[in-house]
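K.L.:
Under the numbering used here, the first residue of the sequence shown carries the number 8, and numbering increases by one thereafter.
Beta carbons are placed, not taken as given, at the ideal position from N, Cα and C, and that holds for glycine.
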Amino acid sequence: MPNNPRNISIADYDYPLPDDRIAKFPLDQRDQSKLLVYQKGQISESRFFHLPELLPHGAMLLFNNTKVIHARLFFRKPTGSLIEIFCLEPWKQPVATAFEERQHGTWLCFIGNNKKWKESPLSRQFEINNTTQTITATRREAIGNAWLVDFEWSGGISFAELIDAVGVIPLPPYLHREAQESDNERYQTVYAHYEGSVAAPTAGLHFTDTLLDNLTSKGFKTEYITLHVGAGTFKPVSSDTIGEHEMHVEKVQISRTNLHHILDHFGNPIIPVGTTTVRTLESAYWFGVQLQSNPNLEAMHVLQWDPYQLESINISAEQSYRNVLDWMERQGIEHLDGDTQLLIAPGYKYHVISGLITNFHQPKSTLLLLVSALIGDAWKDCYRYALDNGFRFLSYGDSCLFLPDKTK
8 MPNNPRNISI ADYDYPLPDD RIAKFPLDQR DQSKLLVYQK GQISESRFFH
58 LPELLPHGAM LLFNNTKVIH ARLFFRKPTG SLIEIFCLEP WKQPVATAFE
108 ERQHGTWLCF IGNNKKWKES PLSRQFEINN TTQTITATRR EAIGNAWLVD
158 FEWSGGISFA ELIDAVGVIP LPPYLHREAQ ESDNERYQTV YAHYEGSVAA
208 PTAGLHFTDT LLDNLTSKGF KTEYITLHVG AGTFKPVSSD TIGEHEMHVE
258 KVQISRTNLH HILDHFGNPI IPVGTTTVRT LESAYWFGVQ LQSNPNLEAM
308 HVLQWDPYQL ESINISAEQS YRNVLDWMER QGIEHLDGDT QLLIAPGYKY
358 HVISGLITNF HQPKSTLLLL VSALIGDAWK DCYRYALDNG FRFLSYGDSC
408 LFLPDKTK
């Protein structure tokens, strides 16, 4: 079982990243991005459209089909002050249900220029379906560094339709630019389906419909699961050691069919596309571990230190996933809806995945820790190679295919 990573120094996961190496815009063609390949201890360079020739035989690819919402809503006070309300997640309501609300809803939000919002409510008009409607926002109470905000709107439209019409797609802060019309398409994967994320699962941005068809024609299996990416994905580790860092919580959904297909594929390579997919698959494993000792749990809640505290329960991935399926059958549900705070850091033992497709991540980030847990200190050689050979970094940048001989 893994060693406890609490004493890991985040300074060991820093590297120099000049601003001009951060891709501010995507390439014209999604699958023309560079692809760094790490396999058998060797680093090479390819292009993303060559992926079908580079994957191990019989691999299953798993994708996160979350969709980025237009989470940034702007209101202007009569005094002229601009207030930004950044919708993070619905308050005590399933994501899908919240998007179907047609008159009111409560969301947990960041508020920009909050000190200027001394009274409530704020209102603005908007055009939709050739009619003029109104949305009103009322600030309720602080929850940590966020706020509960009550929204009410006219027109009988869903909240999903509302924010699509009124909101702005949120780009990562390190791009240092406002969203453009083209970002509405390019900051989504071509297979994005379930609305709920405030950041894209960026490893998937390189895939095209043609490439997906090519993968299928060559016999690779594909599965789509859901993790709604929260704003915390951009939160740097500000503490000296990992033990003082609190991981953000994200909502996951995985179907009974997904679990059956993954279970049937164990023994063959399982390659997740993106760190969010990794966290979903591994979180499902840890939920199965929890069920091994307590089969009557009411819901899936995976905490960041669970892997390092449940070491006495050592079961296979097959047994864990069967536990989850049995639990879902007893609950009479087709989809596992839960949340995860899972922290994957060096010392973690992967139970489900055999490799990883991912972008290049920020210095001192938990995502870089996740990569290091898979390929060890080789991440330093990979990132040095990328910096020396003109790779583009972060969300709109190039990609990596990591195929370690075995998970570390």
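Give the single residue among Ser361, Ile364, Gln297 whose Cα lies nearest to the Cα of Val331.
P.N.:
Along the sequence shown, read from residue 1 onward, the residue named residue 331 stands at position 324. For the residues Ser361, Ile364, Gln297, the minimum Cα distance to Val331 belongs to Gln297.
K.L.:
Can you tell me whether Asn2 is helix, strand or coil according to DSSP?
P.N.:
Summary: the structure shown does not reach residue 2, with the chain confined to residues 8 through 415, and so no result is reported for it.
K.L.:
Among Cys116, Lys123, Leu115, which has the Cα closest to the Cα of Arg83?
P.N.:
Stepping through the sequence shown from its first residue, residue 83 is reached at position 76. Nearest C-alpha to Arg83: Lys123.
K.L.:
Please report how far the alpha carbon of Glu168 lies from the alpha carbon of Glu107, in whole angstroms.
P.N.:
Stepping through the sequence shown from its first residue, residue 168 is reached at position 161. Stepping through the sequence shown from its first residue, residue 107 is reached at position 100. Their Cα atoms are separated by approximately 9 Å.
K.L.:
Are there 16 or more other CB atoms within 10 angstroms of the CB of Ile422, so buried, or fewer, so exposed?
P.N.:
The requested residue 422 does not occur in the structure, where the chain is confined to residues 8 to 415.
K.L.:
Using a threshold of 9 Å, state whether the C-beta atoms of Phe367 and Gly397 are closer than that.
P.N.:
Taking the sequence shown and counting its residues from 1, the one referred to as residue 367 is at position 360. Taking the sequence shown and counting its residues from 1, the one referred to as residue 397 is at position 390. Taking 9 Å as the Cβ cut-off, Phe367 and Gly397 do not qualify as a contacting pair.
K.L.:
Grab me the residues of Pro97's own chain with a C-beta within less than 6 Å of its C-beta, minus the 5 sequence neighbours each way, in chain order.
P.N.:
Residue mapping note: residue 97 aligns to position 90 of the sequence shown, counting from 1. Ala105, Trp114, listed in sequence order.
K.L.:
What whole-angstrom Cβ distance do Leu410 and Gln46 have, given they're in contact under 8 Å?
P.N.:
The count along the sequence shown starts at 1 and reaches residue 410 at position 403. The count along the sequence shown starts at 1 and reaches residue 46 at position 39. Rounded, the Cβ-Cβ distance is 4 Å, consistent with contact.
K.L.:
Can you tell which of Leu350, Cys116, Leu288 has the C-alpha that lies nearest to the C-alpha of Ile92?
P.N.:
In the sequence shown, residue 92 corresponds to position 85, counting from 1. Closest option to Ile92, Cα to Cα, is Cys116.
K.L.:
Quick check on Arg109: does DSSP put it in helix, strand or coil?
P.N.:
The residue given as residue 109 occupies position 102 in the sequence shown. Coil, per DSSP.
K.L.:
With a threshold of 7 Å on Cβ separation, who are the neighbours of Ser77 within its own chain once the five nearest residues in sequence on each side are excluded?
P.N.:
Locating residue 77 in the sequence shown gives position 70, where the first residue counts as 1. The question names Ser, but residue 77 is His in the sequence shown. Excluding residues within five positions, the ones whose Cβ falls inside 7 Å are Ile170, Asp171, Gly174, Val175, Ile176.
K.L.:
Can you name the start and end residues of the alpha helix (DSSP H) that Asn265 belongs to?
P.N.:
Taking the first residue of the sequence shown as 1, we reach residue 265 at position 258. From DSSP, the alpha helix (DSSP H) with Asn265 extends over 263-272.
K.L.:
Can you tell me whether DSSP reads His57 as helix, strand or coil?
P.N.:
In the sequence shown, residue 57 corresponds to position 50, counting from 1. Three-state DSSP puts His57 in a helix.
K.L.:
In this structure, does DSSP put Asp344 in helix, strand or coil?
P.N.:
Counted from its first residue, the sequence shown places residue 344 at position 337. In this structure, Asp344 counts as strand in the three-state DSSP scheme.
K.L.:
To the nearest angstrom, how far is it from the Cα of Ala407 to the Cα of Thr365?
P.N.:
Numbered from 1 along the sequence shown, position 400 holds the residue referred to as residue 407. Numbered from 1 along the sequence shown, position 358 holds the residue referred to as residue 365. The amino acid at residue 407 is misidentified as Ala; the sequence shows Cys. Answer to the nearest angstrom: the Cα atoms are 5 Å apart.
K.L.:
In the DSSP assignment, find the unbroken beta strand (DSSP E) run with Pro97 in it and report its ends.
P.N.:
Reading the sequence shown from its first residue, position 90 is the one you call residue 97. Residues 89-97.
K.L.:
Report the residue from Leu270, Pro85, Lys258 whose alpha carbon sits nearest the alpha carbon of Thr287.
P.N.:
Your numbering for residue 287 matches position 280 in the sequence shown. Of the listed residues, the one whose Cα sits closest to Thr287 is Lys258.
K.L.:
Tell me which residues share the same chain as Asn275 and place their Cβ nearer than 6 Å to its Cβ, disregarding the 5 neighbours each side in the sequence.
P.N.:
Position 268 of the sequence shown, counting from 1, holds the residue named residue 275. Correct list, in chain order: Gly65.
K.L.:
Report, in whole angstroms, the separation of the C-beta atoms of Lys74 and Glu202, which I expect to be a contact under 8 Å.
P.N.:
Counting from 1 along the sequence shown, the entry for residue 74 is found at position 67. Counting from 1 along the sequence shown, the entry for residue 202 is found at position 195. By a beta-carbon distance limit of 8 Å, Lys74 contacts Glu202. Their separation comes to about 5 Å.
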